[in-house]
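Comments concern the structure below.
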Amino acid sequence: MTTESHHPGLQRPALHTQPPRGASAWVEIDVAAIAANVRELRRRSSPAQLMAVVKADAYGHGVDVAARAALAGGAQWLGVAQLSEAIELRDSGIDAPLLSWIYPPEADLATAIRRDITLGIGARAHLASVARAARAVGRAATVHLKVDTGLGRGGVLEDLDAVLDDLAPLLAEGALTMGGTWSHFAFADAPDHPTVRAQQERFGEVLRLMEARGIPTGVAHLANSAATLTNPSAHFDMVRPGLAIYGLSPVPDLGRPEDFGLREAMRVRARLTTVKRARAGQGVSYAHQYVTDRDTVLGIVPVGYADGVPRSASSAGPVRVGERTLTVAGRICMDQFVVDLGPDFDGAEGDVVTLLGVGVAGEPTAQDWAVAAGTINYEIVTRMGPRLPRVVVGEA
Numbered sequence: 000m001t002t003e004s005h006h007p008g009l010q011r012p013a014l015h016t017q018p019p020r021g022a023s024a025w026v027e028i029d030v031a032a033i034a035a036n037v038r039e040l041r042r043r044s045s046p047a048q049l050m051a052v053v054k055a056d057a058y059g060h061g062v063d064v065a066a067r068a069a070l071a072g073g074a075q076w077l078g079v080a081q082l083s084e085a086i087e088l089r090d091s092g093i094d095a096p097l098l099s100w101i102y103p104p105e106a107d108l109a110t111a112i113r114r115d116i117t118l119g120i121g122a123r124a125h126l127a128s129v130a131r132a133a134r135a136v137g138r139a140a141t142v143h144l145k146v147d148t149g150l151g152r153g154g155v156l157e158d159l160d161a162v163l164d165d166l167a168p169l170l171a172e173g174a175l176t177m178g179g180t181w182s183h184f185a186f187a188d189a190p191d192h193p194t195v196r197a198q199q200e201r202f203g204e205v206l207r208l209m210e211a212r213g214i215p216t217g218v219a220h221l222a223n224s225a226a227t228l229t230n231p232s233a234h235f236d237m238v239r240p241g242l243a244i245y246g247l248s249p250v251p252d253l254g255r256p257e258d259f260g261l262r263e264a265m266r267v268r269a270r271l272t273t274v275k276r277a278r279a280g281q282g283v284s285y286a287h288q289y290v291t292d293r294d295t296v297l298g299i300v301p302v303g304y305a306d307g308v309p310r311s312a313s314s315a316g317p318v319r320v321g322e323r324t325l326t327v328a329g330r331i332c333m334d335q336f337v338v339d340l341g342p343d344f345d346g347a348e349g350d351v352v353t354l355l356g357v358g359v360a361g362e363p364t365a366q367d368w369a370v371a372a373g374t375i376n377y378e379i380v381t382r383m384g385p386r387l388p389r390v391v392v393g394e395a
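Each residue of the sequence shown is one higher than the last, beginning at 0 in numbering that gives the first Met the number 0.
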């Protein structure tokens with residue numbers, strides 16, 4: 000199987016069932032792990048429904064295969080940020096309930112309504128835009144009202160009363176159908192932070208206000224991955240995990256993936272393209288940030304920051320070579336980096352190394368790379384680029 004997205008404005012890596020002939024590097028996606036993670040998250044959050052967030056090409060895992068695996072695992076909803084992502088899912092034949100919440104004023108909302116895409120409403124102006132499109136199409140648009148309970152980003156904030164004033168007649172007219180109400184935490188990964196309780200209480204106040212005004216709240220959802228795992232009182236009618244679906248811990252200070260019953264779903268592998276001997280004192284890569292301290296063997300790994308390997312992990316990123324975990328030697332370049340294989344290395348060009356694994360048999364993890372790069376594990380998996388073909392393993 001080889002497929003590739005040709006949706007306008009989207010560049011997706013090709014999908015395969017085995018590494019393409021001649022590929023120097025690739026990403027393996029374990030769809031069975033994604034399905035198993037969804038089942039575990041559903042077990043933890045029952046009786047709440049579950050929306051699997053598959054935005055940003057499913058956090059780098061491939062939106063189509065990840066969405067199907069999540070649905071196979073029991074997800075009732077899918078969520079994406081960009082409207083183009085939602086349309087791509089519909090084009091691929093997925094007809095599950097689908098929420099999209101980021102779109103510009105000139106977005107083709109009529110197409111979204113025709114394709115049964117639920118639209119997030121995060122500002123008063125969104126109401127008028129969606130209502131106009133619904134009238135043009137001749138059918139009601141289903142919406143989820145987003146309220147800003149403390150994140151200070153998207154969502155209705157000070158003008159909530161005015162938005163509810165506008166919303167009521169649009170519901171009565173039949174231009175809009177109220178499908179849900181939602182918000183997003185600022186500190187869900189710090190469950191004891193005072194803002195967590197404050198946002199949860201504010202969300203409850205908004206739901207009660209809407210009910211008092213006769214406006215249906217629909218499905219209420221607040222919990223992201225961290226809150227799904229650590230804060231059952233925030234589950235409401237539906238949870239909305241993203242990162243945890245892919246087997247990564249949103250709270251690495253509180254637990255590893257396996258502590259939450261999760262399995263990491265992504266491996267990044269590459270073949271050594273060059274293996275050569277170098278003498279002690281040899282500078283390696285740009286600016287000679289690394290200098291060999293003895294006669295040794297150097298290996299070239301053919302991925303770089305153009306593929307999503309963070310340059311900030313230079314001289315720090317872990318790589319599994321055989322039974323050893325080594326460290327990037329010197330600067331990570333656009334298309335490649337170097338590892339010091341040691342003087343006794345007996346491998347050769349073509350040997351497979353693992354940049355990113357699932358934490359078994361000493362494999363480096365996304366969290367290991369996040370620490371090395373000074374970032375978060377979300378960014379590590381999401382930034383893996385389209386030059387790296389995705390190889391689908393397992394069955395959902």
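By construction, the Cβ of each residue, glycine as well, lies at the ideal position given by its N, Cα and C atoms.
The structure displayed is predicted, hence computed values, not measured ones.
Asked: Three-state class that DSSP yields for V351 in the structure shown; Found: strand
Asked: Segments assigned alpha helix (DSSP H), at least 4 residues, entirely inside the segment 128 to 206; Found: 159 to 172
Asked: Own chain residues within Cβ distance below 6 angstroms of A233, not counting five before or after; Found: Q199, L221, A222 and A226
Asked: Nonlocal neighbours in the same chain, by C-beta distance under 7 angstroms from I112, ignoring five residues either side; Found: A132, A133, V136, R138 and A140
Asked: Sub-7 angstroms separation of E27 and R319 beta-carbons; Found: no
Asked: Rounded Cβ spacing between G329 and Q288 (contact assumed at less than 8 angstroms); Found: 5 angstroms
Asked: Spatially closest choice to V357 from T374, I331, K275 and A264, by CA coordinates; Found: A264
Asked: L360, buried or exposed, once every other Cβ within 10 Å from all chains shown has been counted against 16; Found: According to the sequence as given, residue 360 is Ala; it is not Leu. Exposed, because fewer than 16 other Cβ atoms sit within 10 Å of the Cβ of A360.
Asked: 7 angstroms Cβ cutoff met for A405 and V391; Found: The requested residue 405 is not part of the displayed model; the chain covers only 0 to 395.
Asked: Cβ-Cβ separation, S248 to Q366 (assumed contact under 8 angstroms), whole Å; Found: 7 angstroms
Asked: The segment 270 to 285 touching the segment 76 to 84, judged by at least three CB pairs closer than 8 angstroms; Found: no
Asked: Collapsed DSSP secondary structure at E27 in the structure displayed; Found: strand
Asked: Bridge partners - W76, DSSP secondary structure assignment; Found: M50
Asked: Counted within 10 angstroms of its Cβ, other Cβ atoms place D306 as buried (16 or more) or exposed; Found: buried
Asked: Boundaries of the beta strand (DSSP E) in which A277 is found, first to last residue; Found: T273 to A277
Asked: Short Cβ contact (7 angstroms threshold) for S311 with A372; Found: yes
Asked: Test item: CB-CB of E348 and L297 under 7 angstroms; Found: no
Asked: C-alpha gap between F259 and L159, whole angstroms; Found: 37 angstroms
Asked: Three-state secondary structure (DSSP) of P231; Found: helix
Asked: H287 in three-state terms, based on DSSP; Found: helix
Asked: Helix, strand or coil at L70 according to DSSP, with G and I counted as helix; Found: helix
Asked: Close-in-space but distant-in-sequence residues of the same chain around V64 (CB under 7 angstroms, 5 per side omitted); Found: L14, I28, V30 and V391
Asked: Local conformation of P256 per DSSP, three classes; Found: helix
Asked: N- and C-terminal bounds of the beta strand (DSSP E) containing D339; Found: F336 to D339
Asked: From G316, D343 and G59, residue whose alpha carbon lies closest to that of Q335; Found: G316
Asked: Rounded Cβ spacing between L97 and I120 (contact assumed at less than 8 angstroms); Found: That belief does not hold up - the Cβ atoms of L97 and I120 are roughly 15 angstroms apart, past 8 angstroms.
Asked: Distance between E84 and I93 (C-alpha atoms, nearest Å); Found: 12 angstroms
Asked: R20 in three-state terms, based on DSSP; Found: coil
Asked: Short Cβ contact (7 angstroms threshold) for A71 with A34; Found: yes
Asked: Neighbourhood of G393 by C-beta, 6 angstroms cutoff - its chain only, sequence neighbours within 5 removed; Found: D29, V30 and A31
Asked: Closest Cα partner of A395 within the set L175, R255 and A69; Found: A69
Asked: Nearest neighbour of E157, chosen from R201, T381, E257 and P168 [CA to CA]; Found: R201
Asked: Whole-angstrom C-beta distance between P363 and T353, which should lie under 8 angstroms; Found: 7 angstroms
Asked: L247 in three-state terms, based on DSSP; Found: coil
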